Amino acid sequence: TSNKMWGGRFASGPDAIMEEINASIDFDKALYNEDIDGSIAHATMLAEKAIISKEDAGSIIEGLTTIRREIEAGDFAFSRQLEDIHMNIEARLRELIGPAAGRLHTARSRNDQVALDFRLWVKKELQRTEAALTRLIGVFLTRAEEHADTVMPGFTHLQTAQPVTFGHHCMAYVEMFGRDRARVRHAIEHLDESPIGAAALAGTGFAIDRHMTAAALGFSGGPTRNSIDTVSDRDFALEFLSLASICATHLSRLAEEIVIWSTPQFNFVRLSDSFSTGSSIMPQKKNPDAAELVRAKTGRINGSLVALLTVMKGLPLAYSKDMQEDKEQVFDAARSLDLAVAAMTGMVGDLTVNMDAMKAAAGSGFSTATDLADWLVREAGLPFRDAHHATGAAVALAEKKGCDLAELSLEELQGINQAITAGIFDVLTVEASVASRKSFGGTAPDEVRKQIAWWRERV
Ligand code: ARG
Numbered sequence: 007t008s009n010k011m012w013g014g015r016f017a018s019g020p021d022a023i024m025e026e027i028n029a030s031i032d033f034d035k036a037l038y039n040e041d042i043d044g045s046i047a048h049a050t051m052l053a054e055k056a057i058i059s060k061e062d063a064g065s066i067i068e069g070l071t072t073i074r075r076e077i078e079a080g081d082f083a084f085s086r087q088l089e090d091i092h093m094n095i096e097a098r099l100r101e102l103i104g105p106a107a108g109r110l111h112t113a114r115s116r117n118d119q120v121a122l123d124f125r126l127w128v129k130k131e132l133q134r135t136e137a138a139l140t141r142l143i144g145v146f147l148t149r150a151e152e153h154a155d156t157v158m159p160g161f162t163h164l165q166t167a168q169p170v171t172f173g174h175h176c177m178a179y180v181e182m183f184g185r186d187r188a189r190v191r192h193a194i195e196h197l198d199e200s201p202i203g204a205a206a207l208a209g210t211g212f213a214i215d216r217h218m219t220a221a222a223l224g225f226s227g228g229p230t231r232n233s234i235d236t237v238s239d240r241d242f243a244l245e246f247l248s249l250a251s252i253c254a255t256h257l258s259r260l261a262e263e264i265v266i267w268s269t270p271q272f273n274f275v276r277l278s279d280s281f282s283t284g285s286s287i288m289p290q291k292k293n294p295d296a297a298e299l300v301r302a303k304t305g306r307i308n309g310s311l312v313a314l315l316t317v318m319k320g321l322p323l324a325y326s327k328d329m330q331e332d333k334e335q336v337f338d339a340a341r342s343l344d345l346a347v348a349a350m351t352g353m354v355g356d357l358t359v360n361m362d363a364m365k366a367a368a369g370s371g372f373s374t375a376t377d378l379a380d381w382l383v384r385e386a387g388l389p390f391r392d393a394h395h396a397t398g399a400a401v402a403l404a405e406k407k408g409c410d411l412a413e414l415s416l417e418e419l420q421g422i423n424q425a426i427t428a429g430i431f432d433v434l435t436v437e438a439s440v441a442s443r444k445s446f447g448g449t450a451p452d453e454v455r456k457q458i459a460w461w462r463e464r465v
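7 is the number of the first residue of the sequence shown in the UniProt record's numbering; add one for each residue after it.
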């Protein structure tokens, strides 16, 4: 007939533009493995339940195995006329095994088939992401161990605030990527139910066993409980895109910090040659391109989330073809996230920390002013607001003299508040400031080491 897929009802084939807008094979061929796994499980179950014969199931499975090999070897002729991966595989199966191929689609629709394939794909991607985040966390833990005592300025408003350690700063990212990894694990739990057997939307009259296919395909939550929801639901894709967006946002903030830190003006870190680029005109340049691209990928990933949310928001239940637009967003975001995490893992593992520059910067900008104020509260019993005021006067004096707080004389300090003694100089160094912040989760090196140990048990 002139229509390759539905010649029974259709007299003519689709318009060229219809084919162009409708075909998804160019991207959904990425689902071939999941599609074949799903079909093998389905055919096995159909035979087990005597819905098709064992012989037919045997030749279906053999044919599918051949097709998998053909695709892997690059020997498979994908056709746009056959719309998508499901129809491409089924058509080839018919060429290989004849009419028995037509029995595979018993008690099944492409609606539950695509929901299955895509879920399996997203699940695998989530597992990859979990492993990649574990590697990134591991790299940060190593850097944090090396630099538990390395003093750097902590910033608020990107203005020097209080001294912290580089190890502590690294551990802030461990917390973020640790939460990202927890979101990945939750997403895997949520999607771990099998869609196959929901059929077009209403279930099927055939006596199928959905528990059997769910188990065969490794879904720990068994089959989904509502056939209408099953073929309508793309939460699992949205959940992937949301967690990807949050994770990318963390990566992007880190990328931004690396861009700033690697400027000659900051000079806190030096990127390795393997994770930077030169300039075609300016010989002195070493550019943080990988960090910049990680920052940019975040825009792409966020765009994918917004795109799919927008596709889904107006769809009545159950399936609508709009949902075919889910895959490119997820595939693109997944590739971007994989690359961004891997690039960051490489960059952070490789970068050289300029401890002298960090320490010098940590001492500038009156970063121990809070320590002076805290001393006045602790040792002289001043209310914190009064201590804040006296310290402000000390900062103003030091600024006028063009010196550091620790370079003011005892007499000058006593001129601001008589209660000040020579003991004040013990708290005005950056090391003393950092060592004093022993509160739980604080920047004191011993406290940071405790947090590193806590995480070491969780990677
Ligand atoms: N290619 C389709 C998709 O990705 C498969 C499902 C088609 N189902 C349908 N009723 N047209 O969504």
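From the three backbone atoms N, C-alpha and C, an ideal C-beta is built for every residue, glycine too.
None of the values given here were measured: they were computed from a predicted structure.
Query, Result
"At which residues does the alpha helix (DSSP H) containing Q335 begin and terminate?", "D332 to D356"
"From the beta carbon of L244, is the nearest beta carbon of chain B less than 8 Å away?", "The structure shown contains no chain B; it holds only a single protein chain."
"Applying the criterion that 16 or more other CB atoms from any shown protein chain within 10 Å of the CB defines a buried residue, is E101 buried or exposed?", "exposed"
"Between which two residues does the beta strand (DSSP E) holding F161 run?", "V157 to T162"
"Any idea what DSSP makes of R276, helix, strand or coil?", "strand"
"Ignore the nearest five residues each way along the sequence and tell me which others in A63's own chain have a CB closer than 8 Å to its CB.", "A49, T50, L52 and A53"
"Enumerate in chain order the residues of its own chain whose CB-to-CB distance from R149 is below 7 Å, with the five nearest sequence positions on each side excluded.", "C176 and V354"
"For A402, does the three-state DSSP call read helix, strand or coil?", "helix"
"Assuming F242 contacts V312 (C-beta within less than 8 Å), just tell me the rounded distance between them.", "F242 to V312, Cβ: 17 Å. No contact."
"Taking its Cβ as the centre, do 16 or more other Cβ atoms sit within 10 Å of T374, making it buried, or is it exposed?", "buried"
"So is the beta-carbon of N117 under 7 Å away from any non-hydrogen atom of the ligand ARG?", "yes"
"Look at the alpha carbon of T427 and the alpha carbon of D410, and state the distance between them as a whole number of angstroms.", "18 Å"
"Buried or exposed for T358, going by 16 or more other Cβ atoms inside 10 Å?", "exposed"
"Is it true that the segment 230-240 meets the segment 320-335, where meeting means three or more beta-carbon pairs spaced less than 8 Å apart?", "yes"
"What does the alpha-carbon distance come out to for the pair D328 and R109?", "28 Å"
"Would you say the beta carbon of E89 comes nearer than 7 Å to a heavy atom of the ligand ARG?", "yes"
"Which partner residues of S200 appear in the DSSP bridge assignment?", "P229"
"Residue ranges of each alpha helix (DSSP H) run of no fewer than 4 residues wholly in the segment 57-131, ordered along the chain?", "60-78 and 91-103"
"List, from N- to C-terminal side, the beta strand (DSSP E) runs of 3 residues or more that fit wholly inside the segment 235-311.", "none"
"Using the Cα positions of W381 and A393, report the straight-line distance between them to the nearest angstrom.", "8 Å"
"Considering just the uninterrupted stretch of the beta strand (DSSP E) at P169, what are its terminal residues?", "Q165 to T171"
"Taking C-alpha atoms, which residue in N423, G371 and V383 lies nearest to Q165?", "G371"
"Compute every distance between the C-beta of S268 and the non-hydrogen atoms of the ligand ARG, then say whether any falls below 7 Å.", "no"
"Does any heavy atom of the ligand ARG sit closer than 7 Å to the C-beta of V317?", "no"
"Less than 7 Å separating the Cβ of Q330 from some heavy atom of the ligand ARG?", "yes"
"Taking I307 as the reference, which of A254, S285, D332 and A261 has the closest Cα?", "A254"
"If we call anything under 8 Å between Cβ atoms a contact, is V336 one with V157?", "no"
"For N360 versus F274, is the C-beta spacing smaller than 8 Å?", "yes"
"Looking at the structure shown, is V465 part of a helix, part of a strand, or coil, going by DSSP?", "coil"
"Taking only heavy atoms of the ligand ARG into account, decide whether any of them is closer than 7 Å to the Cβ of H92.", "yes"
"With a cut-off of 8 Å on the beta carbons, I'd call F172 and H153 a contact; round off their distance for me.", "4 Å"
"Quick one: does the C-beta of V275 sit closer than 7 Å to a heavy atom of the ligand ARG?", "no"
"Would you grab the beta carbon distance between L99 and K10 for me? Rounded to a whole angstrom, and I think it's under 8 Å.", "That belief does not hold up - the Cβ atoms of L99 and K10 are roughly 14 Å apart, past 8 Å."
"What residue range does the alpha helix (DSSP H) around W12 cover?", "It is not in any alpha helix (DSSP H) - W12 carries neither H nor E in the DSSP assignment."
"Would you say S45 touches the ligand ARG, meaning its beta carbon is less than 7 Å from a heavy atom?", "no"
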